[in-house]
Amino acid sequence: MKDTLQLLIINSLESLKENGVIEELPESIRIDHSKDKSQGDFACNIALVLSKQAKCTPRNLAEKIVSNLTVSDKVDRVEIAGPGFINFFLSHESNTSVIENIIDEGEGYGSSNVGNGKRVLLEFVSANPTGPLHVGHGRGAAYGATVSNLLRAVGFEVNNEYYVNDAGRQMDILATSVYLRYIGTEKFPDNGYKGDYIKSISDQLSGIDKVDILPNVKASSDDSNDIERYMDDLIVSCKMSLGESYKVVFDTAINNILDGIKRDLSGFGVEYQKWFLEQSLIDSGLSNKTIKTLQDSECIYEKEGALWFRTTDFGDEKDRVVVRENGNHTYFASDIAYHLEKLERGYDKIINIWGADHHGYIARVKASISALGHDPDKLEVLLVQFANLYRKGKKVSMSTRSGSFVTLKELCDEVGNDAARFFYILRKSEQHMDFDLDLAKSKTNENPVFYIQYAHARICSVLKQASEKFADSSAYDLSLLSNDYEVSLIKSLNRYKGVVQSSALNYEPHVLAYYLRELAGNFHSYYNGSEFLVDDSALRASRLLLISSVRQVISNGLKLLGVVAPESM
RNA sequence: GCGCUCGUAGCUCAAUUGGAUAGAGUACUCGGCUACGAACCGAGCGGUUGCAGGUUCGACUCCUGCCGAGCGCGCCA
169 MKDTLQLLII
179 NSLESLKENG
189 VIEELPESIR
199 IDHSKDKSQG
209 DFACNIALVL
219 SKQAKCTPRN
229 LAEKIVSNLT
239 VSDKVDRVEI
249 AGPGFINFFL
259 SHESNTSVIE
269 NIIDEGEGYG
279 SSNVGNGKRV
289 LLEFVSANPT
299 GPLHVGHGRG
309 AAYGATVSNL
319 LRAVGFEVNN
329 EYYVNDAGRQ
339 MDILATSVYL
349 RYIGTEKFPD
359 NGYKGDYIKS
369 ISDQLSGIDK
379 VDILPNVKAS
389 SDDSNDIERY
399 MDDLIVSCKM
409 SLGESYKVVF
419 DTAINNILDG
429 IKRDLSGFGV
439 EYQKWFLEQS
449 LIDSGLSNKT
459 IKTLQDSECI
469 YEKEGALWFR
479 TTDFGDEKDR
489 VVVRENGNHT
499 YFASDIAYHL
509 EKLERGYDKI
519 INIWGADHHG
529 YIARVKASIS
539 ALGHDPDKLE
549 VLLVQFANLY
559 RKGKKVSMST
569 RSGSFVTLKE
579 LCDEVGNDAA
589 RFFYILRKSE
599 QHMDFDLDLA
609 KSKTNENPVF
619 YIQYAHARIC
629 SVLKQASEKF
639 ADSSAYDLSL
649 LSNDYEVSLI
659 KSLNRYKGVV
669 QSSALNYEPH
679 VLAYYLRELA
689 GNFHSYYNGS
699 EFLVDDSALR
709 ASRLLLISSV
719 RQVISNGLKL
729 LGVVAPESM
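The first sequence: position 344 = 512 (this note's numbering), numbered continuously.
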């Protein structure tokens, strides 16, 4: 419908151009849904945009545009309002036709092909496998999964990917922590992983010698400045004492945790096409090869025994180390190789969803993409702000190392997947968000997700009773749907497709969530103000068709959000 | 100190991406079940959009400077 109106405007503008009223045609013409029904169904601001070059007032220009509009049977009338908006009032028939479209297309209604089959790689969560996912990760998981659903719905081919940091010092700290629990030492270091899950993993170890690795350590655990070196010494001692068995401890630890992460995400309705292991970049030699490539193109220099990547040449604030003095690659080195590998897989777009604490890495990753001869704009980084957790009005601080955190699974068990998924995406991702655990747990009825699900269940209930009480009747007449409730409901239905598209293209799932709430609200008002199962069969059939289409849209929308649309609750 | 993300009703958040009178939920005050599910509906109350300038037909939105919050600024991940 927008296209039709755009065409009408363009035709009018072209004739105005011939008459010399305007000089240039605009690049694009915005047609928006009106927010108030006194402003019709669609509004166009083109007269305000062009008034300067037309050298007349916006209202004046609007009148000229309108007088040149060709008549369409889809448009009842056109008005000029406010500073010069052109408001279109559509015919009742063109508004109600959406109902039949929804019924015809069913579950497919709302999807489109604006993505044109372009391939997108979407990486999200990617939390280090050093412990179970906590509620902080939940936001990224819900957001990523929903963005993925939305992009698929509008015609992109999307692959979801989780990057597993299974190499590096943190993993050694994890393995050492597990071993220390296994031998049951009393002197567990403060900077080890202290969560209860470490003990559970150590319980699964058997047949490995219990050697006290603490005496071999030189640095002191009492010196707070030395605490990280103390940990490094512990790791070395652990590796030396265990020999071959170290790998068993290491693998047991990571496999347990990774399995748990996979299970939690799957239970949360989040599916991945690929779990990409950092270790595979090292094993395949890609990490080394990438650094070699950068060295050949003279992007790398040596300073104080380390290799530095000249990222400042590509807009970063300072140069970054890729190979440490001790010969180990940094996390950044793996990341360069990983992004190169992603690009070489041939995606049209690469999206990373990161926690807001990683924003400092965007510049250096983009720099590395440029340095390797790729287009840095192919990478889009979406930042998700932290969720501050509150319990009994007090902020809960969380840390994986100290083991004090609320896990994602605990949250889902307490409030349910639907409420958790919905709650997470209800806020714009870059908005800081307060997650009140007591509110989510104790007052779940106030969560808007139930409000929407309730509308769906109510419609199902009405439809069920209709089919029991009345024989089939397809003789509907949509022109009968003319009371205020019906008009605003139909207006909302007409917006759905556009909402899905903008929600997807802007990576803003909350827009869809708010829309569904509004649609459900319109339905609840309708329900309380009108009776559906009336004696007049044509009116009854029309109203039932209308609420069937509402049910379909709610169901389709909730599915995109990963929320169940129940027939009863 | 520098950088990033923010600041909207008592509280939690929206605002068609620069549009018309800034809207929902919650809290509070009234009212509505012998109709298809009251997990609902209706009415009211609630605002100098952190502050001060600027850009233009038009600013919560863009620019500048302050104030405040969170996060970054390591040869950690």
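Every residue gets a Cβ at the ideal spot worked out from N, C-alpha and C, and that includes glycine. Small disclaimer: the values here were computed from a predicted structure and weren't measured.
Cβ shell of residue i (< 6 Å), same chain only, five flanking positions each side left out
i, result
"residue 360", "345"
"residue 564", "557"
"residue 409", "379, 381"
"residue 636", "none"
"residue 711", "700"
"residue 160", "Lying before the first or after the last residue shown, residue 160 is absent from the chain, which here runs from 169 to 737."
"residue 504", "458, 536"
"residue 424", "369"
"residue 395", "359"
C-alpha distance - residue i paired with residue j, whole-angstrom precision
i, j, result
"residue 591", "residue 731", "11 Å"
"residue 236", "residue 665", "30 Å"
"residue 255", "residue 534", "44 Å"
"residue 336", "residue 499", "8 Å"
"residue 189", "residue 178", "14 Å"
"residue 298", "residue 555", "20 Å"
"residue 228", "residue 170", "23 Å"
"residue 458", "residue 478", "14 Å"
"residue 233", "residue 484", "50 Å"
"residue 147", "residue 268", "Only positions 169 to 737 of the chain appear in this structure, which leaves residue 147 out of reach."
"residue 421", "residue 438", "23 Å"
"residue 184", "residue 223", "13 Å"
"residue 507", "residue 430", "23 Å"
"residue 615", "residue 218", "45 Å"
"residue 355", "residue 398", "12 Å"
"residue 584", "residue 655", "35 Å"
"residue 375", "residue 401", "24 Å"
"residue 445", "residue 427", "14 Å"
"residue 414", "residue 377", "11 Å"
"residue 652", "residue 246", "21 Å"
"residue 599", "residue 311", "13 Å"
"residue 416", "residue 447", "16 Å"
"residue 544", "residue 300", "33 Å"
"residue 689", "residue 203", "16 Å"
"residue 453", "residue 509", "12 Å"
"residue 461", "residue 541", "11 Å"
"residue 562", "residue 303", "16 Å"
"residue 706", "residue 252", "41 Å"
"residue 473", "residue 494", "8 Å"
8 Å Cβ shell around residue i - same chain, five flanking residues per side excluded
i, result
"residue 548", "517, 518, 519, 520"
"residue 481", "467, 535, 539"
"residue 280", "321, 322, 323, 665, 668, 669"
"residue 305", "293, 295, 576"
"residue 525", "554"
"residue 702", "708, 711"
Whole-number beta carbon distance between residue j and residue i, since they are thought to touch under 8 Å
i, j, result
"residue 371", "residue 351", "Their Cβ separation, rounded to whole angstroms, is 13 Å, which puts residue 371 and residue 351 out of contact at 8 Å."
"residue 716", "residue 631", "7 Å"
"residue 713", "residue 271", "7 Å"
"residue 502", "residue 449", "6 Å"
"residue 736", "residue 629", "7 Å"
"residue 277", "residue 721", "7 Å"
"residue 261", "residue 221", "Not confirmed; about 37 Å, so no contact."
Same chain, Cβ closer than 7 Å to residue i, neighbours up to 5 away in sequence not counted
i, result
"residue 308", "292, 293, 521, 523, 552"
"residue 368", "none"
"residue 486", "480"
"residue 357", "389, 398, 399, 402"
"residue 365", "299, 300"
**Asked** Is it true that the stretch 658-673 meets the stretch 587-607, where meeting means three or more beta-carbon pairs spaced less than 8 Å apart?
**Response** no
**Request:** Mind listing, in chain order, the continuous alpha helix (DSSP H) runs of no fewer than 4 residues lying wholly within the stretch 452-514?
**Result:** 454-464, 499-512
**Length at least 3, wholly inside the stretch 525-596: the beta strand (DSSP E) runs in chain order** = 547-552, 555-559, 562-564
**Message:** Would you call the stretch 305-317 in contact with the stretch 337-356, where contact means no fewer than 3 C-beta pairs closer than 8 Å?
**Reply:** no
**Prompt:** In chain order, which alpha helix (DSSP H) runs of at least 4 residues are fully inside the stretch 599-654?
**Reply:** 605-610, 616-637
**Asked** Does the stretch 568-582 touch the stretch 483-501, meaning 3 or more C-beta pairs lie closer than 8 Å?
**Response** no
**Message:** Would you call the stretch 321-334 in contact with the stretch 619-629, where contact means no fewer than 3 C-beta pairs closer than 8 Å?
**Reply:** no
**Request:** Could I get the ranges of all uninterrupted alpha helix (DSSP H) runs contained in the stretch 193-271, with 4 residues as the minimum, in chain order?
**Result:** 214-222, 226-235
**Request:** Report yes or no: do the stretch 278-287 and the stretch 675-695 share at least 3 C-beta pairs separated by less than 8 Å?
**Result:** no
**Message:** Which complete alpha helix (DSSP H) runs does the stretch 351-427 hold, if anything under 4 residues is left out?
**Reply:** 364-371, 395-410
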